[in-house]
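Read through the structure below, which is laid out as C-alpha cells, and then see the notes.
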Ligand code: EZ4
Ligand code: CO
C-alpha cells in the first residue's frame, strides 16, 4: 500500500476548501479535509512544503504510526494549522484503508450503534418573526433539532444570523466567512454589546417555545462572548426553555472558567470547536464541566484523534456534538458521520447543507432523512473529489468577521 502521490487541492466552489488527496501504488485514492476558515493557505503550505514530501513512498496502511510520526516527529505540537494538516493525512489514510477493505469506514470503527445521526440546523432571523419562519422552514426540511440565533435590537448584524440575499426576500444559509474585496481587503467588523444580548435572548427563547412547544431540541451558540459570570446568568435565565445546549459561552481556551458557570446553572454546556487536541479538554472532562465536545475531525487531528477524544469523553459521560458548519468540507462531514454512527457516546451532529456548487466538486453519498444523517455504505468515506470541477473555482481570499464593542475595543468572535 505504498503512497505514490499526494496533492493538496484548494478550491472555492462558493467558499474555500483545502483537500488532501493521497494515491497508493494500486491507484486507490483517499481524501482528507484540511479547511481552516480564513487561514486556508497556511495549511496548504504546511502540507505541500512539509508533509507531502514525507508521505511519498511510505505505507498508507500504517495510520497510527503516521499520525505519531507527523505529530511527535515535527517537535512543534498542536495548533490549528498543524492539526488540520495531520487531520487531512489521517482521514485520507482511513479512507484508503476502508476502500481496500471494501467497507464503509464506520464498519472499521466497530460498526453502527444507531440507524442515523441526529442533526441540527441553523435557524436564524434578524428579528423574532423572521426567526420563527426560519425554524418552520428547517422543520419542513426535515430537521428535528435547531440552533436558534437572532438579531439584537439596535445592531445591524449579529453572530449567526444569515445575511439577506441582495435584492430579494430569500435568506442564505448562514455563512460567516466573507470574500475579501477592495484595494486593502480586511475582515468585516461587527459591533457587539453583551448586556443588550443578555436582556434580549431569553425573550427569543420564550417566543420559540410558545410557538413550537416543549419537545423540539433547541441549541444556542454564545460564540465565546461572555465572561463566566455573564454566562452563568444566561444559563440560569434560559433554564425554563430547556436548551439542548449552550455552546461556547466563554472563550474556550480558559477551561477553568467553566467551573464558575457550572456552579450556577443546569443548562447543558458544549465547547471545543476551536480546540485541536485532547489536551484542551482534560480539565473540562475530568471535572465534568461540560456535556458535549464540539471538536471536528477536520480540526482535531483526524479520525484517529477524534476517536481517542470521544473515548476519553465517554469515561466522564460526555457526548459528541461535532462541529459541522459549511467550512467543514463534505469530506470532513463524511468522516464525522462515520464516527457518529460508530461511537456509543454520540450526542448530536451539526449539519448545514453545502451549496449546489460545492456538491458539484465533492460528490457525496451521505443522506439526510427524517432529521437523521447516514454516511452511506459506499466503501471508504463515500466522497469523491472532481479535480476538474475543483479547478474551475480558484481560491478567493475570505475572512471571518471580527467583533468590536461600541467603543471600538476588539472583542471575542
Ligand atoms: O463560527 O464555522 O457552531 N458553529 C459555529 C460556526 C463557526 C465557523 C468558524 O469557521 O460557531 O459558525
Ligand atoms: Co459554534
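In the numbering used here, the protein residues as written are 89 to 501.
Just so you know, even glycine gets a beta-carbon here, dropped at the ideal spot from N, CA and C.
Enumerate in chain order the residues of its own chain whose CB-to-CB distance from residue i is below 7 Å, with the five nearest sequence positions on each side excluded.
| i | result |
| --- | --- |
| residue 498 | 490 and 492 |
| residue 240 | 246, 284, 285 and 288 |
| residue 226 | 209, 211 and 234 |
| residue 135 | 96, 108, 122, 173 and 176 |
| residue 314 | 282, 322, 337 and 338 |
| residue 482 | 100 |
Is the distance from the Cβ of residue i to the Cβ of residue j below 8 Å?
| i | j | result |
| --- | --- | --- |
| residue 118 | residue 180 | yes |
| residue 216 | residue 292 | yes |
| residue 169 | residue 130 | yes |
| residue 39 | residue 344 | Lying outside 89 to 501, the shown extent of the chain, residue 39 is not represented and no answer is given. |
| residue 150 | residue 98 | no |
| residue 494 | residue 203 | no |
| residue 486 | residue 265 | yes |
| residue 349 | residue 316 | yes |
| residue 102 | residue 480 | no |
| residue 51 | residue 161 | Residue 51 is absent from the model: the chain starts at 89 and stops at 501. |
| residue 94 | residue 158 | no |
| residue 310 | residue 320 | no |
| residue 378 | residue 346 | yes |
| residue 366 | residue 322 | no |
| residue 382 | residue 405 | no |
| residue 111 | residue 263 | no |
| residue 488 | residue 125 | yes |
| residue 299 | residue 196 | no |
| residue 438 | residue 411 | yes |
| residue 420 | residue 385 | yes |
| residue 183 | residue 89 | no |
| residue 354 | residue 327 | yes |
| residue 456 | residue 276 | no |
| residue 449 | residue 477 | yes |
| residue 373 | residue 395 | no |
| residue 329 | residue 351 | no |
For residue i, which residues in the same chain have their Cβ closer than 6 Å to its Cβ, ignoring the five residues on either side in sequence?
| i | result |
| --- | --- |
| residue 333 | 307, 356, 358 and 380 |
| residue 484 | 100 and 267 |
| residue 106 | 98, 122, 123, 128, 131 and 132 |
| residue 255 | With a pLDDT of 37 at residue 255, under the threshold of 50, the predicted position of this residue should be treated as unreliable, though the coordinate-derived value follows. Here the set comprises nothing. |
| residue 141 | none |
| residue 451 | 472 |
| residue 409 | 358, 380, 382, 435 and 436 |
| residue 496 | none |
| residue 257 | For residue 257, the predicted model reports a pLDDT of 41, less than 50, meaning its position is unreliable; a value from the coordinates is still stated below. Excluding residues within five positions, none has a Cβ falling inside 6 Å. |
| residue 325 | 290 |
| residue 237 | 212, 248 and 249 |
| residue 43 | Because the chain is modelled from 89 through 501, residue 43 falls outside the range shown and cannot be assessed. |
For the ligand CO, any of its heavy atoms closer than 7 Å to the Cβ of residue i?
| i | result |
| --- | --- |
| residue 502 | The chain is shown from 89 up to 501; residue 502 falls before or after that span and cannot be answered. |
| residue 138 | no |
| residue 341 | no |
| residue 361 | yes |
| residue 330 | no |
| residue 210 | no |
| residue 309 | yes |
Is residue i a contact residue of the ligand EZ4, with contact defined as CB to any heavy atom under 7 Å?
| i | result |
| --- | --- |
| residue 192 | no |
| residue 413 | yes |
| residue 357 | no |
| residue 428 | no |
| residue 278 | no |
| residue 129 | no |
| residue 463 | no |
Residues in its own chain within less than 8 Å of residue i by CB, not counting five upstream and five downstream?
| i | result |
| --- | --- |
| residue 200 | 194, 429 and 430 |
| residue 467 | 186, 187, 189, 190, 191 and 192 |
| residue 178 | 120, 151, 154, 155, 389, 390, 391, 392 and 393 |
| residue 500 | 311, 312, 313, 339 and 491 |
| residue 402 | 431, 432 and 433 |
| residue 465 | 192 |
| residue 331 | 293, 306, 307, 308, 355 and 356 |
Need the endpoints of the alpha helix (DSSP H) that residue i sits in, please.
| i | result |
| --- | --- |
| residue 293 | 282-300 |
| residue 184 | 168-189 |
| residue 151 | 151-161 |
| residue 130 | 128-133 |
| residue 97 | No alpha helix (DSSP H) contains residue 97, which is instead part of the beta strand (DSSP E) from 91-99. |
| residue 220 | 216-228 |
| residue 394 | 390-403 |
| residue 420 | 418-430 |
In the DSSP assignment, find the beta strand (DSSP E) that holds residue i and state where it starts and stops.
| i | result |
| --- | --- |
| residue 457 | 455-457 |
| residue 462 | 460-462 |
| residue 374 | Where residue 374 is concerned, there is no enclosing beta strand (DSSP E), although the alpha helix (DSSP H) it sits in stretches over 370-374. |
| residue 410 | 407-410 |
| residue 106 | 105-112 |
Is residue i near the ligand MN, judged by its Cβ being under 7 Å from some heavy atom?
| i | result |
| --- | --- |
| residue 379 | For the ligand MN, the structure offers nothing, since it holds only the ligand EZ4 and the ligand CO. |
Within 8 Å of any Cβ in chain C, is that where the Cβ of residue i sits?
| i | result |
| --- | --- |
| residue 308 | Protein chains in the displayed structure number just one, and chain C is not present. |
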